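Trainee: Input: one structure, supplied below.
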Amino acid sequence: METAVFIVAAIITVLSAFGVILAKNPVHSVLMLMATLFAIAVLFVAQDAHFLAAVQIIVYAGAIVVLFLFVVMLLGVDLAENLRVEPIGGQRPLAIGATVATAVLTILLIIVAASDSSKPESGDLAGITQETGNTGVANLGRVIFTDYVWAFEIIAALLTIGVIGAVLLTRRAKQQEVEEEVVEKEGGQL
Amino acid sequence: MTTLNWGSISSMLVLFGTAILVVTVASLIKSSKKDLLVQVMTALGGLGGLAAVIIYWHRVSSDGAKLSFADTVRIDHLALFIIGVISSIVFLSALTLKSFFAREKLFRAVTTEIYVLILLSATGGAIMASANDLIVLFMGLEVLSLAAYILAASNIRKAQSQESGMKYFVIGAFASGFFLYGIALIYGATGSTKLAQISQKLVSGAFVDDGFLLGGIALFLVGLLFKVSAVPFHVWTPDVYEGAPSPFVAFMSSAVKVAGFVALIRVLGGALIESAADWQPIIYAVSIASMAVGTLAALVQTNVKRILAYSSIAHAGYILIGIQAATKDGFAASLWYLAIYAMLAFASFSIVAAREGAISGNSINDPNHIDNYRGLASKQPFLAVIFAILLLAQAGVPPTSGFYAKFSVISAVVDARSYPLAIVAMIIAVAAAFIYIRLLIVMFFTPADSSLLGGATMSKTAFSKTTSKTMSPITQLDASENSDATFDKWKKLGANKLNLAVLTLAAAFTIAMGVYPAPLLELAQSAAQSLV
């Protein structure tokens, strides 16, 4: 079962990753990126890392990809890029070289890790697992609402600051300010 | 089961609650008295925080430190001392801000938000002061700094303010990253984020000693030294202070710095005191570098805000001296210096804020240029005298608080047998006097319209070229069309009555602490005693 899930999710991940760089339309690229991230989230679930999977969806798919879409839309979707011109000289050979080097390094690391038969020690550092004996989202939630409840509550203050800051910094000029601006321009200051 | 002792965090609840109340009330009323109401509420919030501190000081004296929220909050004398300083600064800021808003008309639409951000930033500082856990410390730091970034950028019309906010944000976020990485490594080495447990692990030797802890301490220090702007992490300070609106610089250079230092003292003096041998050399080098670079750079500046910014870097070096000693006396000296410095920095930048309002419309484009302080003694004798007292205190001249502050950190480090550091500190203190004497000469012994200061005038032309674009619209606008009564008074006095009252209070405090330092010093000593 796990193997089947892995194969399906891996194929989707790789194919949509290629889609990100091959799609002509930037919006399609962004959508492909989202598919990649979702497939990786499925891989996380298969590894019992439920929290990581949830964060993957919420943070990446929910926030970052939407941000990408905003940028793409603001810059103009139908802005055709001339791919024959290299903005920075020599970056394509460099990119190909870096890709090959990374691939070789990854394969080497996998070979080394596979030949190393000794299992890594669990160590004394995994405090959460040791204290309660079970892992996962439930445990994380319990820790957040007991040991770290104060840190969790402080997030309220952070969010409040975020909202107030957004209001303050994006305030549009009201009538009186517009009048001031007119005076300013007439005075030849701007 | 986690105990939630809400009473022990009452000072934080008062500050945060006032912030929420201010937002709510301000959004419900439309009366023209709204600004006044908001100001009074903020001032009361600061006083309320102070009152909570005073009430708890006695309780802690009799029952010992109060732990709550699964031991992540520790209300002891150290926390209360710092929260007291921060609350007082909130109170004083609230009093001085109104005249600033009256002058800078563009703030009219957002006055409420400014007061709220100051209250929230102070809440973050209070959270840091009482943090007994590295995660809580980090959250407090973020609350504190996020509000400060917005305050720095809050002059939405001035490119320089935007630039300052952006710089502060990017560099601050970068520093937070280091800080967090340091926490992760310290957790990796000791298996806990709680300060008390880290300290226990270090005492019993039950930690992973393979560079994890050292790396963690190093990254942690990088993060916090950024916040307190110690050399070599100081580069942002003059730029940010120069660009940000002056009243908020007064708040940032006092309350925000104080919170950064208390985090250093709590972690180095509490959790990591066992490995003092590891961090002492770092603090040693950083404090010498901060004093030297801050002093030398301040000597060649021509902008008063930049002079004060560099002088605050030098002060950071002096405060670090006491921490370097790693003794209770050293921490007490640093805390005492911190309280003195907070008042000095706040009052000095408040004077800059007052002065830049009074001279707007001058031919010189930079309202903070040192030439604009020429002959201040004849134009505004009262302001000049107060500024002189503050500058003499910063230089460390005897009957003022600054002398005793410098004396106590240096004597602490002598007791800890770091003689070279003490000698270097004294030499630099002498050199630093020239920074302040230069300003005094400009204010008292230079006629208002001559150009005796050749050096300053030479560099002025180069300097004004860079700033004229960003500064001129606002300053000249104010002079030309501001005609309401508040501003007329401003022009005459350079500050309104409330501002003058606050500044007089600061000057009185400065002299009183120099003449009779015992009460505050005792508070600082019992604060240092409460370190784990």
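Chains as they are written, first to last, in this note's numbering: chain U, 1 to 190; chain C, 1 to 532.
All residues carry an ideal CB built from backbone N, CA and C; glycine is no exception.
A quick note: this is a predicted structure, and the numbers were derived from the prediction, not measured.
#1: Taking the alpha-carbon positions, what's the U:Val5 to U:Ala53 distance?
#2: Using Cβ-Cβ distances below 9 Å, what residues of the segment 20 to 34 of chain U are close to chain C?
#3: Under 8 Å by Cβ, that's how I've got C:Ala271 and C:Leu195 pegged, so tell me the actual separation to the nearest angstrom.
#4: Does any CB atom of chain C fall closer than 7 Å to the CB of U:Ile144?
#5: Compare the C-beta of C:Val256 with all C-beta atoms of chain U and state if any pair is closer than 7 Å.
#6: State the beta-bridge partners of C:Ala131 as determined by DSSP.
#7: To which residues does DSSP link C:Ser164 through a beta bridge?
#8: In or out: U:Arg84 buried (at least 16 other Cβ within 10 Å) or exposed?
#9: Classify C:Ser8 as helix, strand or coil using the three-state DSSP reduction.
#10: With DSSP as the reference, label C:Asn303 as helix, strand or coil.
#11: Since I believe C:Thr42 is in contact with C:Ala94 (beta carbons under 8 Å), could you give me their beta-carbon distance rounded to a whole number of angstroms?
#12: Where does C:Glu142 land, buried or exposed, given buried means 16+ other C-beta within 10 angstroms?
#13: What residues in the segment 143 to 173 of chain U bring their beta carbon closer than 8 Å to a beta carbon of chain C?
#14: Output yes or no for whether 7 Å exceeds the beta carbon distance between C:Ile186 and C:Trp279.
#15: Could you check what DSSP says for C:Lys194 in three-state terms: helix, strand or coil?
#16: Suppose you measure from the CA of C:Leu514 to the CA of C:Ala448; what does that come to, to the nearest Å?
#17: Considering only DSSP beta bridges, list what C:His58 is partnered with.
#18: Does the beta-carbon distance from C:Val442 to C:Asn368 come in below 7 Å?
#19: Tell me the residue span of the beta strand (DSSP E) that contains C:Lys66.
#20: Please list the terminal residues of the continuous alpha helix (DSSP H) segment that includes U:Phe6.
#21: What do you get for U:Met73, buried or exposed, if any count of 16 or more other CB atoms within 10 angstroms of its CB means buried?
#22: So if DSSP puts C:His369 in a beta bridge, which residue, or which two residues, is it bridged to?
#23: Does the separation of the CB atoms of C:Ile410 and C:Val262 fall below 7 Å?
#24: Extract the residue ranges of the alpha helix (DSSP H) inside the segment 240 to 317 of chain C, only unbroken runs of 4 or more that lie entirely within it.
#25: Have a look at C:Thr475 and C:Thr327 and give me their C-alpha separation to the nearest angstrom.
#26: Does C:Phe69 come within less than 7 Å of chain U when only Cβ atoms are used?
#27: Anything in chain U within Cβ reach of C:Phe16, meaning under 7 Å, just list it in chain order.
#28: For C:Ala122, decide whether its Cβ has a neighbour in chain B, counting only Cβ atoms nearer than 7 Å.
#29: Any idea what DSSP makes of C:Ser176, helix, strand or coil?
#30: Kindly indicate the opening and closing residues of the alpha helix (DSSP H) around C:Thr510.
#31: Name the residues in the segment 72 to 90 of chain C whose C-beta lies less than 7 Å from a C-beta of chain U; which are they?
#32: Can you tell me whether U:Tyr148 is helix, strand or coil according to DSSP?
#33: Count the other CB atoms within 10 Å of the CB of C:Asn132; is the residue buried (16 or more) or exposed (fewer)?
#34: Is C:Ser154 close to chain U? Criterion is C-beta to C-beta, closer than 7 Å.
#35: Can you check whether the CB of C:Ala412 is closer than 7 Å to the CB of C:Gly269?
Mentor: From the atom records:
#1: Translated into positions along the first sequence, residue 5 of chain U becomes position 5. Translated into positions along the first sequence, residue 53 of chain U becomes position 53. Going from the Cα of U:Val5 to the Cα of U:Ala53 covers about 15 Å.
#2: none
#3: As a position in the second sequence, residue 271 of chain C is number 271, starting the count at 1. As a position in the second sequence, residue 195 of chain C is number 195, starting the count at 1. About 4 Å separates the Cβ atoms of C:Ala271 and C:Leu195, confirming a contact at the 8 Å cut-off.
#4: Sequence index remark: in the first sequence, residue 144 of chain U carries index 144 (1-based). U:Ile144 does not count as touching chain C.
#5: Translated into the one-based positions of the second sequence, residue 256 of chain C becomes position 256. It does not: the Cβ of C:Val256 has no partner Cβ on chain U nearer than 7 Å.
#6: Taking the second sequence and counting its residues from 1, the one referred to as residue 131 of chain C is at position 131. Beta-bridge pairing links C:Ala131 to C:Val73.
#7: Within the second sequence, the letter at position 164 stands for residue 164 of chain C. According to DSSP, which records beta bridges pairwise, C:Ser164 is partnered with nothing at all.
#8: If you number the first sequence from 1, residue 84 of chain U lands on position 84. By the neighbour-count criterion, in which a residue is buried when 16 or more other Cβ atoms sit within 10 angstroms of its Cβ, U:Arg84 is exposed.
#9: In the second sequence, residue 8 of chain C corresponds to position 8, counting from 1. Looking at C:Ser8 - three-state DSSP - the assignment turns out to be helix.
#10: Numbered from 1 along the second sequence, position 303 holds the residue referred to as residue 303 of chain C. In the structure shown, C:Asn303 sits in a strand (DSSP, three-state: E or B).
#11: Reading the second sequence from its first residue, position 94 is the one you call residue 94 of chain C. Reading the second sequence from its first residue, position 42 is the one you call residue 42 of chain C. That belief holds up - the Cβ atoms of C:Ala94 and C:Thr42 are roughly 4 Å apart, short of 8 Å.
#12: Taking the second sequence and counting its residues from 1, the one referred to as residue 142 of chain C is at position 142. The residue in question, C:Glu142, is buried, as its Cβ has 16 or more Cβ neighbours within 10 Å.
#13: Those residues of the segment 143 to 173 of chain U that come within reach of chain C (Cβ to Cβ, closer than 8 Å) are Thr146, Asp147, Tyr148, Val149, Trp150, Ala151, Ile154, Ile155, Ala157, Leu158, Thr160, Ile161, Gly162, Ile164, Gly165, Val167, Leu168, Leu169 and Arg171.
#14: Counting from 1 along the second sequence, the entry for residue 186 of chain C is found at position 186. Counting from 1 along the second sequence, the entry for residue 279 of chain C is found at position 279. The Cβ atoms of C:Ile186 and C:Trp279 lie no closer than 7 Å to each other.
#15: Taking the first residue of the second sequence as position 1, residue 194 of chain C is located at position 194. In this structure, DSSP gives C:Lys194 an extended state, which the three-state scheme calls strand.
#16: Here residue 514 of chain C refers to the residue found at position 514 when the second sequence is read from its first residue. Here residue 448 of chain C refers to the residue found at position 448 when the second sequence is read from its first residue. In the sequence on display, residue 514 of chain C carries Gly and not Leu. Near 32 Å, if we compare the C-alpha coordinates of C:Ala448 and C:Gly514.
#17: The residue given as residue 58 of chain C occupies position 58 in the second sequence. DSSP, once it has assigned bridges, lists no residue as partnering C:His58.
#18: Stepping through the second sequence from its first residue, residue 442 of chain C is reached at position 442. Stepping through the second sequence from its first residue, residue 368 of chain C is reached at position 368. Result no, Cβ atoms of C:Val442 and C:Asn368 do not sit closer than 7 Å.
#19: Sequence index remark: in the second sequence, residue 66 of chain C carries index 66 (1-based). First-last of the beta strand (DSSP E) with C:Lys66: Lys66 to Ser68.
#20: Residue numbering aside, residue 6 of chain U sits at position 6 when the first sequence is read from its first letter. Membership of U:Phe6 in the alpha helix (DSSP H) is indicated by the continuous run Glu2 to Leu22.
#21: Reading the first sequence from its first residue, position 73 is the one you call residue 73 of chain U. Exposed is the call here.
#22: One-based indexing of the second sequence puts residue 369 of chain C at position 369. DSSP, once it has assigned bridges, lists C:Asn303 as partnering C:His369.
#23: Working through the second sequence from its first residue, we reach residue 410 of chain C at position 410. Working through the second sequence from its first residue, we reach residue 262 of chain C at position 262. At least 7 Å separates the beta-carbon of C:Ile410 from that of C:Val262.
#24: 246 to 251, 257 to 266 and 276 to 299
#25: Looking up residue 475 of chain C in the second sequence gives position 475. Looking up residue 327 of chain C in the second sequence gives position 327. Note that C:Thr475 has pLDDT 41, beneath the 50 cutoff, so the model's placement of it is unreliable and the number below is only indicative. In this model, C:Thr475 and C:Thr327 are separated by some 49 Å (Cα to Cα).
#26: As a working mapping, residue 69 of chain C is identified with position 69 in the second sequence. True, the Cβ-Cβ gap to chain U drops below 7 Å.
#27: Within the second sequence, numbered from 1, the residue matching residue 16 of chain C stands at position 16. Those are Ala157, listed as they occur along chain U.
#28: In the structure shown, chain B cannot be found, because the protein chains are U and C.
#29: Locating residue 176 of chain C in the second sequence gives position 176, where the first residue counts as 1. In the structure shown, C:Ser176 sits in a helix (DSSP, three-state: H, G or I).
#30: Mapped onto the second sequence, residue 510 of chain C falls at position 510. Looking at the DSSP string, the run of the alpha helix (DSSP H) that includes C:Thr510 is Lys497 to Val515.
#31: Thr72 and Val73
#32: Taking the first residue of the first sequence as 1, we reach residue 148 of chain U at position 148. Reduced to three states, the DSSP call for U:Tyr148 is coil.
#33: The residue you call residue 132 of chain C lines up with position 132 of the second sequence. Counting other Cβ atoms within 10 Å of its Cβ, C:Asn132 reaches 16 or more and is therefore classed as buried.
#34: The residue labelled residue 154 of chain C in the question sits at position 154 within the second sequence. Output row for C:Ser154: interface = yes.
#35: As a working mapping, residue 269 of chain C is identified with position 269 in the second sequence. As a working mapping, residue 412 of chain C is identified with position 412 in the second sequence. No.
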